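**Q** Pasting in a structure now, in structure tokens, and then I'll have a few things to ask.
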Amino acid sequence: DLYGNIVLSGGSTMFPGIADRMSKEITALAPSSMKIKVVAPPERKYSVWIGGSILASLSTFQQMWISKAEYDESGPSIVHRKCF
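The UniProt record's numbering applies: residue 1 is where the sequence shown begins, and numbers increase by one.
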């Protein structure tokens with residue numbers, strides 16, 4: 001359930017009261033039968049970086065790494081070829 005698993009992340013979510021406001025606004029828009037849960041972890045300012053760091057350290061992710069030489073040779077299309 002998407003409405004029950006909303007996790008705020010990134011520096012733009014550090015405004016005081018943002019979790020309560022998001023919860024209130026989503027509750028107003030969602031069907032009344034939906035359970036709304038908004039989580040604002042204290043480390044959310046760096047959550048995106050931490051997640052990217054974990055992803056980059058996975059051995060299965062190495063096949064998606066793109067070198068500067070590959071990018072220079074193929075341009076942006078290399079991202080679609082290697083990652084999708």
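By construction, the Cβ of each residue, glycine as well, lies at the ideal position given by its N, Cα and C atoms. Since we're looking at a predicted model, the values are computed, not measured.
List the endpoints of the continuous alpha helix (DSSP H) containing M22.
**A** Looking up residue 22 in the sequence shown gives position 22. It spans I18 to L29 - the alpha helix (DSSP H) in which M22 sits, taken as one unbroken run.
**Q** Rounded to whole angstroms, how far is the Cβ of V39 from the Cβ of M22, which I believe are closer than 8 Å?
**A** Taking the first residue of the sequence shown as 1, we reach residue 39 at position 39. Taking the first residue of the sequence shown as 1, we reach residue 22 at position 22. Incorrect: roughly 10 Å between the Cβ atoms, too far for contact.
**Q** Kindly indicate which three-state DSSP category I66 falls into: helix, strand or coil?
**A** On the sequence shown, residue 66 is found 66 positions in, with the first residue counted as 1. Three-state DSSP puts I66 in coil, outside helix and strand.
**Q** On the criterion of 16 or more Cβ atoms from any shown chain inside 10 Å, does R44 qualify as buried, or is it exposed?
**A** Sequence index remark: in the sequence shown, residue 44 carries index 44 (1-based). The residue is buried, with at least 16 neighbouring Cβ atoms inside 10 Å.
**Q** How is I36 classed by DSSP in three states: helix, strand or coil?
**A** Translated into the one-based positions of the sequence shown, residue 36 becomes position 36. Reduced to three states, the DSSP call for I36 is coil.
**Q** Thinking K35 and Y3 are a contact (beta carbons under 8 Å), I'd like their distance in whole angstroms, please.
**A** Sequence index remark: in the sequence shown, residue 35 carries index 35 (1-based). Sequence index remark: in the sequence shown, residue 3 carries index 3 (1-based). Contact flag correct, Cβ pair sits at about 7 Å.
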